[in-house]
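J.: Line by line, the protein sequences are chains R and Z. Heads up: the first sequence at position 90 corresponds to 89 in numbering that gives the first Met the number 0, and the numbers run straight through without jumps. Heads up: the second sequence at position 54 corresponds to 53 in numbering that gives the first Met the number 0, and the numbers run straight through without jumps. Glycine included, every Cβ here is placed at the ideal spot set by N, Cα and C.
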Amino acid sequence: MGINWLSVITILSVIIATATLGILATRIVRTTSDFFVASRAVGPFMNAAAISGEYLSAASFMGVAGMVMKFGYDVLWYPVGYAAGYLFLLLFVAGPLRRFGAYTVPDYAEGRFNSLNLRKLAVFFVMIIGFFYMLPQMKGAGVTLQTVLHLPYWVGVMVVGSVITMNVVLGGMKGITFVQAFQFWVKLFAIAVPIFIMLTLLGGYNSHIEAGRSEQIPRFNENLTLDFKAETRLRFTDVTGFTPQENGRVRTEAGQEVILVAERPVTVSAGELTLLSANQFYFEQGQPVPNAPSGQSWGAPFGPLTGDSKANPGLSLLYTYSLMIAIIFGTAGLPHILVRFYTNKDGRSARHTTLLVLALIGIFYLFPPVFGVMGRIHSPELYASGTTDSVVLSLPGKVGPDWLSDVLGAIVAAGAFAAFMSTFSGLLVSVSGALAHDIYGKILVPEASARSKRRAFQLAALAAGGGAIVCGLFVDKFDINMLVGWAFAIAASSFFPLLVLGTWWKGLSKVGATAGLLAGGILASAAIVTTMLLGETGAAIGSGGIVRGVGPLTATLLAQPAIWSVPLSFLTMIVVSRLTPDQIPKEINHIMLRLHVPETLGLRTDYISE
Amino acid sequence: MLRNFRTEKSNKQFAYDQAEEEAVLRELEELEELDELVEGDLPEAETALLYYSPDEETLQEVAEQTNYGAVFLDDLIKRQRALSVSIAVTFLVLIFSFPLLNFFLRSLVAFEIFGFEISWLFLGILIYPLIWALAFYFVTTADKYEEDFTKMVR
Numbered sequence: 000m001g002i003n004w005l006s007v008i009t010i011l012s013v014i015i016a017t018a019t020l021g022i023l024a025t026r027i028v029r030t031t032s033d034f035f036v037a038s039r040a041v042g043p044f045m046n047a048a049a050i051s052g053e054y055l056s057a058a059s060f061m062g063v064a065g066m067v068m069k070f071g072y073d074v075l076w077y078p079v080g081y082a083a084g085y086l087f088l089l090l091f092v093a094g095p096l097r098r099f100g101a102y103t104v105p106d107y108a109e110g111r112f113n114s115l116n117l118r119k120l121a122v123f124f125v126m127i128i129g130f131f132y133m134l135p136q137m138k139g140a141g142v143t144l145q146t147v148l149h150l151p152y153w154v155g156v157m158v159v160g161s162v163i164t165m166n167v168v169l170g171g172m173k174g175i176t177f178v179q180a181f182q183f184w185v186k187l188f189a190i191a192v193p194i195f196i197m198l199t200l201l202g203g204y205n206s207h208i209e210a211g212r213s214e215q216i217p218r219f220n221e222n223l224t225l226d227f228k229a230e231t232r233l234r235f236t237d238v239t240g241f242t243p244q245e246n247g248r249v250r251t252e253a254g255q256e257v258i259l260v261a262e263r264p265v266t267v268s269a270g271e272l273t274l275l276s277a278n279q280f281y282f283e284q285g286q287p288v289p290n291a292p293s294g295q296s297w298g299a300p301f302g303p304l305t306g307d308s309k310a311n312p313g314l315s316l317l318y319t320y321s322l323m324i325a326i327i328f329g330t331a332g333l334p335h336i337l338v339r340f341y342t343n344k345d346g347r348s349a350r351h352t353t354l355l356v357l358a359l360i361g362i363f364y365l366f367p368p369v370f371g372v373m374g375r376i377h378s379p380e381l382y383a384s385g386t387t388d389s390v391v392l393s394l395p396g397k398v399g400p401d402w403l404s405d406v407l408g409a410i411v412a413a414g415a416f417a418a419f420m421s422t423f424s425g426l427l428v429s430v431s432g433a434l435a436h437d438i439y440g441k442i443l444v445p446e447a448s449a450r451s452k453r454r455a456f457q458l459a460a461l462a463a464g465g466g467a468i469v470c471g472l473f474v475d476k477f478d479i480n481m482l483v484g485w486a487f488a489i490a491a492s493s494f495f496p497l498l499v500l501g502t503w504w505k506g507l508s509k510v511g512a513t514a515g516l517l518a519g520g521i522l523a524s525a526a527i528v529t530t531m532l533l534g535e536t537g538a539a540i541g542s543g544g545i546v547r548g549v550g551p552l553t554a555t556l557l558a559q560p561a562i563w564s565v566p567l568s569f570l571t572m573i574v575v576s577r578l579t580p581d582q583i584p585k586e587i588n589h590i591m592l593r594l595h596v597p598e599t600l601g602l603r604t605d606y607i608s609e
Numbered sequence: 000m001l002r003n004f005r006t007e008k009s010n011k012q013f014a015y016d017q018a019e020e021e022a023v024l025r026e027l028e029e030l031e032e033l034d035e036l037v038e039g040d041l042p043e044a045e046t047a048l049l050y051y052s053p054d055e056e057t058l059q060e061v062a063e064q065t066n067y068g069a070v071f072l073d074d075l076i077k078r079q080r081a082l083s084v085s086i087a088v089t090f091l092v093l094i095f096s097f098p099l100l101n102f103f104l105r106s107l108v109a110f111e112i113f114g115f116e117i118s119w120l121f122l123g124i125l126i127y128p129l130i131w132a133l134a135f136y137f138v139t140t141a142d143k144y145e146e147d148f149t150k151m152v153r
């Protein structure tokens, strides 16, 4: 496999255009307010493109397609939830949050409840969610450079990490508003154009789904030699022949060790093998692909994503609901997305912006599943190598004439780059904003000048960006969508109830809000960390791993906690607030006025005016 | 309720029924009690800000959260909340019943149109226009509610 030099050119173009736009924007950035929220003077269309650009991360661009290929139908809930979340953001959060006129969610927490402690708690959750969300972006960067340019994983992490960090340090929020909007269009173009061309050449969406569903197990389309690391597991669903290229050993499901001899063909029956040393296996065209789900379970609801649906159909249904809740409500509680709403002119334009966002991302989300479906037919070897995450990047190589493959490959590579670059910069602004604005400016040094806050923001961005790069080097074995899905579950159990009840129910008290944040947010995080550390990946629900030694019900509830943690958070907030009515801020009516009265009446200015 | 207040102000007619009137009066009393608490607590700078257009009586009432003003605002919040909740419930009932359909009536949703099973067609494509329609309805209606409120208060 040679290097597609066209991809190098398009990737460099995206990096250079990003840096240039960022630097150009720096010249316009004048005030501290510009720096944090672009002076709240960005038009709805530009803002909608920027929000969408920021939202469509490596998980949307690469992860959804990869998971649709790997798990099939059930994964459609991911893009649906990613989009439907904005409906809830629109219904309950967008307008009032903008009217309240604060920079960050912690600003909201303090302003609504008149409590510095709630601000601190909110900052803590901004950090947790930001952390879970930044790492998969770093992984996306590493994988892309690995797939496209055959560079080591760490190169992509370092290059993307440093370019974005510099961009945020120099330009702040305004810098990235233009860049984010630009990157949305790059992503939409990069995913839509190759799909239209591939569908024209290779047959329709529907015929691909039918093919994917009807064939029992995908078979190799060509003779291939695949590299496997030590400890790789290969699940064979049918009698399969292959030729190891090196001497080595494998362990069967029964725990028996078998010796492989280089160049001597092997035939295995259904079952799982674990490689005890790195090896290369040569597969002939027509052999069944290991690790691929059967067409039956792939094409129908309650497939492998949702657990062992044959043994426990009820748990598959439970998992589906839990996933839906996490993603839909999590979207409406993502701090790096919420911060974008402050850049709207007023509450009304915040709503209009959200409507436009729904249109833009809805169109986008039609495409990634198509990639996944086509991948099952045309790139089945990705199942065996465990790299379905890269299907978006490798599928164009199957289209036909080399020049066309190169052109399409270069386009999607640019789109993938835009995806993790834009989301990473948004997260960086959000986390640095929390550090500089909330921790430094509000908690540590309340008398800090605008100038020193700006300096603090730049230092925080350098520190957070550096930290993400370092941590990003160690996450290459985790699934892209896994960490992102968990960030959604935590956001759904913490910020979403806080924002909805705080905005629409006068009775939410300071103590109630704190108790709900702690109960929902901390317990959801604990469940997730438990699954992350103790979970046995491979035998995975939603590829997040499954905890052994507890019942299947408990394991499912730990793997995707939203179904209990979100109601728990809401209930705790309501019950505790009822018990502590004296902890409702005295000026609650004034706060409600600030949240809900149209700006046209000219009753009040923003929470923070600089 | 909002409409009733407009009638009251313009025509001096009381179009609402007895129960509703009592509810409104109770609410007014409660709010006035709160006002007494609130007024002492407002920071000076913000109080000044709130008297931005002192010549407009109702506007000032909203700002001061007194009398009709507070009820107007409460009413706006209630209408907006009812709108949001009803759209949210519609949407949730729809998509939360879908896994149940997949679970219990698989043969129904496995029916094929243009080679797509209904379950795939709905989740992969048709759900997006549905979300757009609900969002569009919300945005236009919420805008209208706010215009009503602004007109009435001015």
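For the region 118-132 of chain Z, enumerate the residues whose C-beta is nearer than 7 Å to any C-beta of chain R, in chain order.
T.: The region 118-132 of chain Z vs chain R, Cβ under 7 Å: S118, W119, L122, G123, I124, I126, Y127, I130 and W131.
J.: Thinking C-alpha only, which one of R:E380, R:L427, R:A514 and R:S6 is nearest R:V168?
T.: Within the first sequence, the letter at position 169 stands for residue 168 of chain R. That would be R:L427, whose Cα lies nearest to the Cα of R:V168.
J.: On the CB-based measure, 16 or more other CB atoms within 10 Å of its CB, does Z:F154 come out buried or exposed?
T.: Residue coverage of chain Z in this structure runs from 0 to 153, which leaves residue 154 of chain Z outside it and unanswerable.
J.: Can you tell me whether R:L253 is buried or exposed, with buried defined as 16 or more other CB within 10 angstroms of its CB?
T.: Locating residue 253 of chain R in the first sequence gives position 254, counting from the first residue. Note on residue identity: the sequence assigns Ala, not Leu, to residue 253 of chain R. Exposed, since its Cβ has fewer than 16 Cβ neighbours within 10 Å.
J.: Threshold first: 4 residues or longer. Then list the alpha helix (DSSP H) segments lying entirely within the region 82-156 of chain R, N to C.
T.: Entirely contained in the region 82-156 of chain R, the alpha helix (DSSP H) runs reaching 4 residues are, in chain order, 93-99, 104-112 and 115-148.
J.: I'd like to know if R:A320 contacts chain Z, where contact means its C-beta is closer than 9 Å to some C-beta of that chain.
T.: Numbered from its first residue, the first sequence carries residue 320 of chain R at position 321. In the sequence as presented, Ala is not what sits at residue 320 of chain R; that position holds Tyr. So, interface residue.
J.: DSSP three-state call for R:L225: helix, strand or coil?
T.: Position 226 of the first sequence, counted from the start, is the residue given in the question as residue 225 of chain R. It is a strand residue.
J.: DSSP state of R:Q295, grouped into three classes?
T.: Indexing the first sequence from 1 puts residue 295 of chain R at position 296. DSSP places R:Q295 in helix when its eight states are reduced to three.
J.: Taking Cβ-Cβ distances shorter than 7 Å, what residues in chain Z pair up with R:R350?
T.: For the purposes of this step, residue 350 of chain R is taken as the residue at position 351 of the first sequence. Under the 7 Å cutoff, chain Z gives V138 and A141.
J.: Do three or more CB pairs link the region 362-375 of chain R to the region 76-89 of chain R at distances below 8 Å?
T.: Verdict: yes, contact present.
J.: According to DSSP, is R:F416 helix, strand or coil?
T.: If you number the first sequence from 1, residue 416 of chain R lands on position 417. Here R:F416 sits in helix by DSSP.
J.: What is the DSSP secondary structure of R:G371, counted as helix, strand or coil?
T.: The sequence position of residue 371 of chain R within the first sequence is 372, counting from 1. Three-state DSSP puts R:G371 in a helix.
J.: From the DSSP output, read off the bridge partner residues of R:Q179.
T.: The sequence position of residue 179 of chain R within the first sequence is 180, counting from 1. According to DSSP, R:Q179 bridges with nothing at all.
J.: Enumerate in chain order the residues of its own chain whose CB-to-CB distance from R:A561 is below 6 Å, with the five nearest sequence positions on each side excluded.
T.: Here residue 561 of chain R is taken as the residue at index 562 of the first sequence, counted from 1. For R:A561, where only same-chain residues beyond five positions count, the Cβ hits under 6 Å are S321, I324, A325, A488 and A491.
J.: With DSSP run on the structure shown, which of helix, strand or coil describes R:R263?
T.: Counted from its first residue, the first sequence places residue 263 of chain R at position 264. Three-state result, R:R263: coil.
J.: Would you check if there are 3 or more beta carbon pairs closer than 8 Å linking the region 207-222 of chain R to the region 291-306 of chain R?
T.: Flag = yes, the region 207-222 of chain R and the region 291-306 of chain R touch.
J.: Cα-Cα, which of R:F91, R:M61, R:Y102 and R:A121 is closest to R:A512?
T.: For the purposes of this step, residue 512 of chain R is taken as residue 513 along the first sequence, with counting starting at 1. Nearest C-alpha to R:A512: R:A121.
J.: Buried or exposed, going by whether 16 or more other CB atoms sit within 10 Å of the CB of Z:V152?
T.: As a position in the second sequence, residue 152 of chain Z is number 153, starting the count at 1. Classification for Z:V152: buried.
J.: For the beta strand (DSSP E) holding R:T273, just list the boundary residues, first then last.
T.: Counting from one through the first sequence, the residue named residue 273 of chain R turns up at place 274. It spans G270 to L274 - the beta strand (DSSP E) in which R:T273 sits, taken as one unbroken run.
J.: In chain Z, what lies closer than 8 Å to R:Y364 by C-beta?
T.: Walking along the first sequence from the start, residue 364 of chain R turns up at place 365. The contacting residues are Y127.
J.: Taking just the CA atoms, how far does R:A140 sit from R:D225?
T.: Stepping through the first sequence from its first residue, residue 225 of chain R is reached at position 226. Stepping through the first sequence from its first residue, residue 140 of chain R is reached at position 141. The sequence as given places Leu at residue 225 of chain R; Asp does not occur at that position. One C-alpha to the other measures close to 22 Å.
J.: Got a sec, what are the start and stop residues for the beta strand (DSSP E) R:V249 sits in?
T.: Numbered from 1 along the first sequence, position 250 holds the residue referred to as residue 249 of chain R. Run containing R:V249: G247 to T251, per the beta strand (DSSP E) assignment.
J.: So the candidates are R:F282, R:G270, R:S276 and R:S268; which of them puts its Cα closest to the Cα of R:E262?
T.: Position 263 of the first sequence holds residue 262 of chain R. Among R:F282, R:G270, R:S276 and R:S268, the Cα nearest to that of R:E262 is on R:F282.
J.: Note the first and the last residue of the continuous alpha helix (DSSP H) segment covering R:T571.
T.: In the first sequence, counting from the first residue as 1, residue 571 of chain R sits at position 572. Looking at the DSSP string, the run of the alpha helix (DSSP H) that includes R:T571 is A561 to L578.
J.: Strictly under 9 Å for the Cβ-Cβ distance: is Z:Y110 near chain R by that measure?
T.: As a working note, residue 110 of chain Z is residue 111 in the second sequence. For clarity, residue 110 of chain Z is Phe in the given sequence; the question names Tyr instead. Cβ-Cβ to chain R under 9 Å: no for Z:F110.
J.: For a test of the three-state rule: what should DSSP assign to R:N588, helix, strand or coil?
T.: In the first sequence, residue 588 of chain R corresponds to position 589, counting from 1. Of the three classes helix, strand and coil, the one that applies to R:N588 here is helix, per DSSP.
J.: Do you know offhand how far Z:I112's Cα is from R:L200's?
T.: Taking the second sequence and counting its residues from 1, one reaches residue 112 of chain Z at position 113. Taking the first sequence and counting its residues from 1, one reaches residue 200 of chain R at position 201. Those two C-alpha atoms are separated by around 22 Å.
J.: Given that a residue counts as buried once 16 or more other Cβ atoms are within 10 Å of its Cβ, and exposed if not, what is R:Q284?
T.: In the first sequence, residue 284 of chain R corresponds to position 285, counting from 1. Exposed, by the Cβ-count rule.
J.: Hey, does Z:D34 have any beta-carbon neighbour from chain R nearer than 9 Å?
T.: Within the second sequence, numbered from 1, the residue matching residue 34 of chain Z stands at position 35. Residue confidence for Z:D34 is low, a pLDDT of 42 falling below 50, so the modelled location carries little weight and cannot support an answer.
J.: Helix, strand or coil for Z:S52? Go by DSSP, reduced to three states.
T.: Taking the first residue of the second sequence as 1, we reach residue 52 of chain Z at position 53. Note that Z:S52 scores a pLDDT of 37, beneath 50, so its modelled location is shaky and nothing firm can be said.
J.: My output table needs one value for R:H595: the three-state DSSP class, helix, strand or coil.
T.: Numbered from its first residue, the first sequence carries residue 595 of chain R at position 596. In the structure shown, R:H595 sits in a helix (DSSP, three-state: H, G or I).
J.: In whole angstroms, what is the alpha-carbon distance linking R:K173 and R:T342?
T.: Position 174 of the first sequence holds residue 173 of chain R. Position 343 of the first sequence holds residue 342 of chain R. In this prediction, R:K173 has a pLDDT of 49, which is less than 50 and means its spatial position is unreliable; what the coordinates show is noted afterwards. For R:K173 and R:T342, the distance between alpha carbons rounds to 9 Å.
J.: List the residues that DSSP assigns as beta-bridge partners of R:R347.
T.: Here residue 347 of chain R refers to the residue found at position 348 when the first sequence is read from its first residue. Partner(s): none; R:R347 has no beta bridge.
J.: With a threshold of 16 other CB atoms inside 10 Å of the CB of R:S568, please say whether the residue is buried or exposed.
T.: Numbered from 1 along the first sequence, position 569 holds the residue referred to as residue 568 of chain R. It is buried - the Cβ of R:S568 has at least 16 other Cβ atoms within 10 Å.
J.: Can you give me the start and stop residues for the beta strand (DSSP E) that R:P43 sits inside?
T.: In the first sequence, counting from the first residue as 1, residue 43 of chain R sits at position 44. No beta strand (DSSP E) holds R:P43; the alpha helix (DSSP H) holding it covers P43 to Y54.
J.: Heavy atom of the ligand ATP less than 8 Å from the Cβ of R:A108, yes or no?
T.: Of the ligands one can find in the structure shown there are none, so the ligand ATP has no counterpart to examine.
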